[in-house]
Amino acid sequence: MKKNNIYQLTTLALCVVVVVLAYTNFSSDSAMEASNKAAVLETIHSRKSVRKYIDKPVSKDDLLTLVKAGMAAPSGKNEQPWAFVIVSEKARLDTMAERLPYAKMLRQAAAAIVVCGDMARLRNPEASLWVQDCSAATENILLAAEAIGLGAVWTAAYPYEDRMGVVRSVLNLPPTTIPLCVIPVGYPDGTEKPKDKWKEENVRWERWE
Ligand SMILES: Cc1cc2nc3c(=O)[nH]c(=O)nc-3n(C[C@H](O)[C@H](O)[C@H](O)COP(=O)(O)O)c2cc1C
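Here it is as structure tokens:
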């Protein structure tokens, strides 16, 4: 075989290798993207309020993972008016369980995250969207808990003066910090299942009628 032909064949072979490698990489990237999307939807649809936990501590790292997910939420004017109090002292969790009528599960929870609106940081608290922002952060925390195998539930503090008063006194919150909710967190005992809430009649296309 001529030297020229060998050179051309080698170049061609190299090109084929490059194309095959690029395609393999591309198809594994898009397969990964598709499986990430599926995982997000799987988490959304698997989330449920978890009120029963096994006796197992939740690590600080995992609690921080949840709070980081909370802080990644959208926020009106990007004000980020939130503050998160992580509670894992048993005595504090028990006092809140005792005094909050709809958060008795705090007694079994390994920890709780209290999502607060921090009015001290806002130029115009009256015009702030802190409730919406903190609600978005709360939902992110609930989804992140589901994603990492933890169970959690939103228990309301705001707008109930009595419940906010309990949370304020147990956590020593300043008057400018408003507790929106207490999220008990723990490893689920596995008995609670997601509810199917899909109702076609709740959807309208383009206009009401
Ligand atoms: C704003 C809000 C307040 C809630 N407050 C409480 C509460 O105080 N105690 C409680 O056990 N669950 C509370 N929940 C959880 C709801 O009961 C729960 O989301 C609902 O029953 C639907 O069930 P799911 O979360 O498993 O889909 C609250 C949920 C929301 C969104």
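Using the numbering used here, you'd call the opening residue of the sequence shown number 47 and step up by one each time. Idealized CB from N, CA, C, for every residue including glycine. Since the model is a prediction, treat every value here as computed from it, not as a measurement.
Cβ neighbours of residue i in the same chain (closer than 6 Å, five flanking residues each side left out)
| i | result |
| --- | --- |
| residue 97 | 151, 199 |
| residue 154 | 99 |
| residue 176 | 127, 163 |
8 Å contact criterion, which residue i and residue j should meet: CB distance rounded
| i | j | result |
| --- | --- | --- |
| residue 104 | residue 137 | Contact doesn't hold; Cβ gap of about 17 Å is too wide. |
| residue 191 | residue 227 | That belief does not hold up - the Cβ atoms of residue 191 and residue 227 are roughly 14 Å apart, past 8 Å. |
| residue 179 | residue 127 | 6 Å |
| residue 162 | residue 111 | Not confirmed; about 19 Å, so no contact. |
| residue 234 | residue 99 | 6 Å |
| residue 158 | residue 230 | 5 Å |
Residue i Cβ short of 7 Å to ligand 1 heavy atom set
| i | result |
| --- | --- |
| residue 254 | no |
| residue 237 | no |
| residue 98 | no |
| residue 199 | yes |
| residue 245 | no |
| residue 202 | yes |
| residue 193 | no |
Same chain, Cβ closer than 7 Å to residue i, neighbours up to 5 away in sequence not counted
| i | result |
| --- | --- |
| residue 193 | 89 |
| residue 186 | 115, 116, 118, 119 |
Residues near residue i in its chain [Cβ-Cβ closer than 8 Å; skip 5 each side]
| i | result |
| --- | --- |
| residue 189 | 89, 90, 93, 115 |
| residue 219 | 131, 162, 213, 225 |
Residue i, DSSP secondary structure in three states
| i | result |
| --- | --- |
| residue 249 | coil |
| residue 143 | helix |
| residue 149 | coil |
| residue 158 | strand |
Residue i at chain C interface by Cβ criterion, 8 Å
| i | result |
| --- | --- |
| residue 243 | The structure shown has no chain C; it contains just one protein chain. |
Practice prompt. Quick one: which unbroken beta strand (DSSP E) runs of 3-plus residues sit fully inside the segment 161-232? Chain order, please.
Written response: 223-232
Item to complete: Enumerate, from N- to C-terminal direction, the unbroken beta strand (DSSP E) stretches of 3 or more residues contained entirely within the segment 96-124.
Response: none
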